[in-house]
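Using my numbering, the first residue of the sequence shown is number 12, and each one after it goes up by one.
Don't be surprised by glycine CBs; every beta carbon is placed ideally from N, CA and C.
Predicted model only: the values in this text are computed from it and were never measured.
To start, the structure under review is shown below, and the notes come after it.
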Amino acid sequence: MSPLPNDTAGEFEFNDSQNQLIGSLARKMALVGFVMSFFGLLQLINGVASLFLARDPQRVIAAAQKAGVSEEQLGALKEAVSGGFWSSPVTVSAISLALAGLLLFLVGLWTRQAGVGFAGIVMTKGKDISRLMEALGALHQKYGLIYSVLWAAAIVSLASLVLGLWHSWRGA
12 MSPLPNDTAG
22 EFEFNDSQNQ
32 LIGSLARKMA
42 LVGFVMSFFG
52 LLQLINGVAS
62 LFLARDPQRV
72 IAAAQKAGVS
82 EEQLGALKEA
92 VSGGFWSSPV
102 TVSAISLALA
112 GLLLFLVGLW
122 TRQAGVGFAG
132 IVMTKGKDIS
142 RLMEALGALH
152 QKYGLIYSVL
162 WAAAIVSLAS
172 LVLGLWHSWR
182 GA
């Protein structure tokens with residue numbers, strides 16, 4: 012009977028010095044991934060909390076008054092938040108903060124997953140290639156997300172530039 016295609020018998024095995032390098036990388040990736048996920052989660056919570064704060068413009072104005080904002084700046088703030096929930100700069104800032112937190116959390120999560128995959132290479136025998144492929148899969152998810160975000164940012168930036176130029180030429 013022939014072996015199954017995903018049979019791990021006869022897989023390549025890394026030597027001790029290669030395992031030391033991979034193990035060091037795995038530990039660093041796991042720590043970096045944990046820290047990124049932790050701060051991403053904090054930023055996400057901060058963004059969501061700020062979004063709830065933005066729902067009540069009077070709270071924003073009261074907080075600005077308590078902080079000692081000048082009357083001129085206070086007037087500008089009142090004008091900015093009077094346009095409605097979705098046009099408020101506080102809302103836009105809160106949504107941006109929450110989305111950045113989510114992105115940081117996901118990148119940290121996938122970095123940690125890749126670190127666990129690399130650690131599996133060192134801790135197991137006879138499964139180095141399978142573990143390497145698991146780690147590369149997690150890295151592929153991470154960089155796939157970053158790739159997509161960069162494309163989206165480029166498209167939004169280009170659209171913003173075109174719209175800004177169109178408005179400035181139209182008004183001139």
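In angstroms with no decimal places, state the Cα-to-Cα distance between residue i and residue j.
{"i": "residue 49", "j": "residue 56", "result": "11 Å"}
{"i": "residue 123", "j": "residue 40", "result": "6 Å"}
{"i": "residue 169", "j": "residue 159", "result": "15 Å"}
{"i": "residue 75", "j": "residue 91", "result": "13 Å"}
{"i": "residue 89", "j": "residue 53", "result": "29 Å"}
{"i": "residue 42", "j": "residue 113", "result": "18 Å"}
{"i": "residue 93", "j": "residue 70", "result": "13 Å"}
{"i": "residue 66", "j": "residue 102", "result": "8 Å"}
{"i": "residue 35", "j": "residue 61", "result": "39 Å"}
{"i": "residue 82", "j": "residue 72", "result": "11 Å"}
Return the first residue and the last residue of the alpha helix (DSSP H) that residue i is part of.
{"i": "residue 146", "result": "139 to 182"}
{"i": "residue 61", "result": "27 to 65"}
{"i": "residue 129", "result": "100 to 134"}
{"i": "residue 94", "result": "Careful: residue 94 lies outside any alpha helix (DSSP H) and carries neither H nor E."}
{"i": "residue 74", "result": "68 to 77"}
Just to confirm, are residue i and residue j a CB contact at a threshold of 8 Å?
{"i": "residue 68", "j": "residue 104", "result": "no"}
{"i": "residue 46", "j": "residue 109", "result": "no"}
{"i": "residue 115", "j": "residue 51", "result": "yes"}
{"i": "residue 127", "j": "residue 157", "result": "no"}
{"i": "residue 137", "j": "residue 24", "result": "yes"}
{"i": "residue 141", "j": "residue 22", "result": "yes"}
Exercise for the section: Report yes or no: do the segment 127 to 136 and the segment 25 to 37 share at least 3 C-beta pairs separated by less than 8 Å? Expected result: yes
Exercise for the section: Indicate whether the contact test is met: 3 or more Cβ pairs, each with one atom in the segment 150 to 158 and one in the segment 110 to 125, closer than 8 Å. Expected result: yes
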